[in-house]
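In this note's numbering, the protein residues as written are 60 to 262.
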């Protein structure tokens, strides 16, 4: 039986994460920072592996240390694209983020793990709930140890981290704690667009 959705009430307003003009509030690692562009008011991901991390307001360290939250984005993929949205992660100079969870973005890439899954933990396999070339809503809601992912308002993942959770092999950092958000550039053939990026803290 599906668990009840996390309460979304919050005393905090939505925080806009992307202004459509530049990368204020974000920090790309030096691996391949040119994989991220601003194009027609969207955040375009197109290039070799790299990750861009949310740092928020430099005067407010709480912007990058979240526990319970609702993260929203509009996403559009081009054919054979692969991407990911990370939470409870930390800035790293290179490689795949070792901390936190990844929410998969993939309609037609060869990887069986598709959009709406919690990568290598609670996967959506083989069939994506959405199509390439179309904008869709991606919502990630974390409340305590409960994680819900919704695509266009439909629940695709409803998972609670067990008290005795053992992360997948070679993914020791796949566990809930606290941290920031990150967006993935996966490979030179993967083109993904994002807009309306925003989050709010949950109690």
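In this text, a Cβ means the ideal position worked out from N, Cα and C, and glycines have one as well.
Every value quoted in this text rests on a predicted model; they were computed, and no experiment measured them.
Looking only at DSSP bridge pairs, what is residue i linked to?
{"i": "residue 141", "result": "165"}
{"i": "residue 132", "result": "197"}
{"i": "residue 253", "result": "102 and 134"}
{"i": "residue 113", "result": "85"}
{"i": "residue 160", "result": "146"}
{"i": "residue 125", "result": "238"}
To which residues of the same chain is residue i closer than 6 Å at the C-beta, ignoring the five residues directly before and after it?
{"i": "residue 194", "result": "133 and 135"}
{"i": "residue 245", "result": "141 and 142"}
Can you tell me whether residue i is buried or exposed? The criterion is at least 16 other CB atoms within 10 Å of its CB, across all chains shown.
{"i": "residue 156", "result": "buried"}
{"i": "residue 187", "result": "buried"}
{"i": "residue 154", "result": "exposed"}
{"i": "residue 94", "result": "buried"}
{"i": "residue 60", "result": "The predicted model places residue 60 with a pLDDT of 39, which falls under 50 and marks its position as unreliable, so this point remains unresolved."}
{"i": "residue 203", "result": "exposed"}
{"i": "residue 224", "result": "exposed"}
{"i": "residue 228", "result": "exposed"}
{"i": "residue 37", "result": "The first residue shown for the chain is 60 and the last is 262, placing residue 37 beyond what the model contains."}
{"i": "residue 99", "result": "exposed"}
{"i": "residue 212", "result": "exposed"}
{"i": "residue 130", "result": "buried"}
{"i": "residue 85", "result": "buried"}
Spatial neighbours of residue i within its chain, please: C-beta separation below 8 Å, excluding the five flanking residues on both sides.
{"i": "residue 176", "result": "162, 163, 182, 183, 184, 208, 215 and 216"}
{"i": "residue 238", "result": "123, 124, 125, 146, 147, 148, 149, 158 and 159"}
{"i": "residue 88", "result": "109, 110, 111, 112, 150, 151, 152 and 153"}
{"i": "residue 172", "result": "163, 165, 178, 179, 182, 183 and 184"}
Spatial neighbours of residue i within its chain, please: C-beta separation below 7 Å, excluding the five flanking residues on both sides.
{"i": "residue 247", "result": "106 and 107"}
{"i": "residue 167", "result": "138, 139 and 191"}
{"i": "residue 230", "result": "179"}
{"i": "residue 96", "result": "103 and 105"}
So, under 8 Å CB-CB, residue i and residue j are touching, yes? Tell me the CB distance rounded to an integer number of Å.
{"i": "residue 159", "j": "residue 232", "result": "7 Å"}
{"i": "residue 259", "j": "residue 71", "result": "5 Å"}
Would you mind listing the alpha helix (DSSP H) stretches within the stretch 211-259 that are 4+ residues and don't spill past its ends, in chain order?
none
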